[in-house]
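Asks: When you line the sequence shown up against mature numbering (1 follows the signal peptide of the UniProt record, and there is no 0), it's residues -19 to -1, 1 to 451, in that order. Don't be surprised by glycine CBs; every beta carbon is placed ideally from N, CA and C. From a predicted model like this one, the values you see are computed outputs, not experimental measurements.
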Amino acid sequence: MRASILLSCLAGLAGVTATAPVCILGAGPSGLASALRLAEKGITDVVIFDKKDGPGGKAENWVSPEGYIHQVGAIFGDTTMYPLVIDLTDKFNISRPSNPMRKNYVYDAPSGTILDSTTFPTNATAIAGAIQRYMGVYAKYAPYLVPGFKKGVPPAIAVPMSEFLPAHGLDALMPLFHLYITTFGYGSLEDIPALYAMMYYKPGGFLQFLTKQSSLFTVNYNLLFTKIAASLHCAQFKYNATITGTNRRSNGASITYTVNGKGPQTQACTSIINTIPHRLDLLQPLGLDAQEVDVFKHVNSVQYFSSVWTLDQVEPRNWYAAQLKPTGNASAPFTVGGSLDNGAPVIFGTQLSDDKYFNVYSYKRGQDPISLETVTAMAQDALSKLNKNISVPNAVAKPVQVADLKFAKAWTYFAHVNSSAIANGWFPSLEKLQGHRSTYHTGSMRCMETVECSIASANDLVDTFFTKAH
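This is the structure in structure tokens:
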């Protein structure tokens, strides 16, 4: 079998004029989608580098002592918004169990208050009307919502989402966007440009609120990308790799790297596809020139954290979001608003068929760093006030112990640019940089931090800049 694969790879190289492979930095969704698209074009000579010990990137799993596979990175998809994911899961025979509508609770951790979200009356007519308006607004701007935003950016979708929604009469959707944007790791609505949010949350996603039928599904994304990596028979994978330097020129490049600290070694490349999050501090090994620095100095990421805890009192199979806000009014002490942004948990819940382990997600606004240790300490404090079964009258919360923490990770999440950079022509500047010094760039900054967008951006990049092998 290996011999036949080798012969196939050699045969595939016979007509290719390049003497060096395409090098891809990152074996996550963006990198592997790029490699898969290249292979579909007959470009199979690729070398893929990753600092981790295997494929998947943010599509990461934690395995419980009982052997339960727990997605701690990418987890969900949507039948109305993830067509590329659906195509790949079908192609690689990955199941997509539907995720039923769950009961949603909102909480205020300092007071230990947890309430059913339906406690707060909503104007169903107003929400339905806003969803209808969002469909029309989305249709108006849909032609511009493409990877790289290469068809231009109307000023109306460059503004923060907190401005975009009221400007279009969509105030009634604000709580839903707080939930699906902020608690899911994309930052404050006051920060995220509307175009990114619209790349992620298409109108179909709101249909479940009208039909009461969930369109969500779960995917073992790590398994999906492991299978994709295994299908790339001619690719070389350099795991546990550290890029120490590059020599990038107009007619090729080379990468200097170590594996498990051993080396250095050098890999010649005909070109480089970079999927490393495009913050300046993370791109130092590339040896950026002034033109590249001028573009990537505008890129920041969101401080987002995943942890897994055992909470033996909380009712599982529900979602609990930090959207309960004290009002100071004794007759109506709470209202529903935006999520916390100080590093405390913003949402938690169990996965399908799991009653023991809770995924807990935390978010810190701004660029002032917060340590993972501080975040987990804040989570322990908050969960200790919330670890109770609210179906039991006058239930008292049971303190959470350090031993209840099973997994914790800080993510370099959602590399993106702000509204000011977009208004000043950032996206055209990025596209002008493609191919500069034999390097191409894809990732969340030119689409959105979702698996669907990672695939779409990678496909677009390869289709635009890489011709079919002859």
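#1: Applying the criterion that 16 or more other CB atoms from any shown protein chain within 10 Å of the CB defines a buried residue, is A311 buried or exposed?
#2: Check this for me: beta carbons of V289 and W43, under 8 angstroms apart or not?
#3: Taking the C-alpha atoms as reference points, what is the distance between Y216 and T192?
#4: Please determine if the region 364 to 379 and the region 388 to 395 are in contact, where contact requires at least 3 C-beta pairs separated by less than 8 angstroms.
#5: Would A40 and N255 be called neighbours here (beta carbons separated by less than 8 angstroms)?
#6: Candidates E21, P64 and S343: which alpha carbon is nearest Y181's?
#7: For the region 354 to 372 against the region 137 to 149, are there 3 or more C-beta pairs whose distance is under 8 angstroms?
#8: Would you call the region 299 to 307 and the region 84 to 98 in contact, with 3 or more CB pairs under 8 angstroms?
#9: Count the other C-beta atoms from every protein chain shown that fall within 10 angstroms of the C-beta of T103, then say buried if there are 16 or more, exposed otherwise.
#10: Which value, in whole angstroms, describes the spacing of the CA atoms of R298 and K84?
#11: What residue from A396, S400, T(-1) and A404 has the CA that sits closest to R427's CA?
#12: Identify every run of the beta strand (DSSP E) within the region 370 to 419, keeping only runs that are complete inside it and at least 3 residues long; order them along the chain.
#13: Measuring only the C-alpha atoms, how far is G129 from G7?
#14: Helix, strand or coil: how does DSSP classify N310 here?
#15: Whole angstroms is fine: what's the gap from N440's alpha carbon to E144's?
#16: My parser needs the alpha helix (DSSP H) runs of 4 or more residues fully inside the region 98 to 165; what are they?
#17: Is Y344 near D322, with beta carbons less than 8 angstroms apart?
#18: If you measure between the beta carbons of L154 and A111, is that distance less than 8 angstroms?
#19: Which first and last residues belong to the beta strand (DSSP E) in which C250 is found?
#20: Quick one: Cα of A14 to Cα of P326, how far?
#21: Based on the DSSP output, what are the partners of T239 in its beta bridges?
#22: Mind checking who R230 pairs with in its DSSP beta bridge?
#23: State yes or no: is the C-beta of G416 within less than 8 angstroms of the C-beta of S438?
#24: Since S435 is in the alpha helix (DSSP H), which residue starts that stretch and which ends it?
#25: Here's the rule: buried if 16 or more other CB atoms are within 10 angstroms of the residue's CB, otherwise exposed. What is F329?
#26: Go ahead and pull the three-state DSSP assignment for Q217.
#27: Mind pulling the alpha helix (DSSP H) runs of 4 or more residues that sit fully within the region 50 to 95?
#28: Answer with yes or no whether the minimum CB distance from P135 to chain B is below 8 angstroms.
#29: So what's I209 in DSSP terms, helix, strand or just coil?
Replies: Let me spell this out:
#1: exposed
#2: For V289 and W43, yes; Cβs fall inside 8 angstroms.
#3: According to the sequence shown, residue 216 is Ala rather than Tyr. Taking the straight line from one Cα to the other gives about 45 angstroms.
#4: no
#5: no
#6: P64
#7: no
#8: yes
#9: exposed
#10: 8 angstroms
#11: A396
#12: 386 to 397
#13: Just so you know, the alpha carbons of G129 and G7 end up roughly 19 angstroms apart.
#14: coil
#15: 31 angstroms
#16: 105 to 122, 142 to 148 and 155 to 158
#17: yes
#18: yes
#19: K243 to C250
#20: 32 angstroms
#21: T223
#22: G233
#23: Taking 8 angstroms as the Cβ cut-off, G416 and S438 do not qualify as a contacting pair.
#24: For S435, the enclosing alpha helix (DSSP H) begins and ends at V432 to F446.
#25: buried
#26: strand
#27: 64 to 72
#28: Among the chains in the structure shown there is no chain B, since it carries only a single protein chain.
#29: helix
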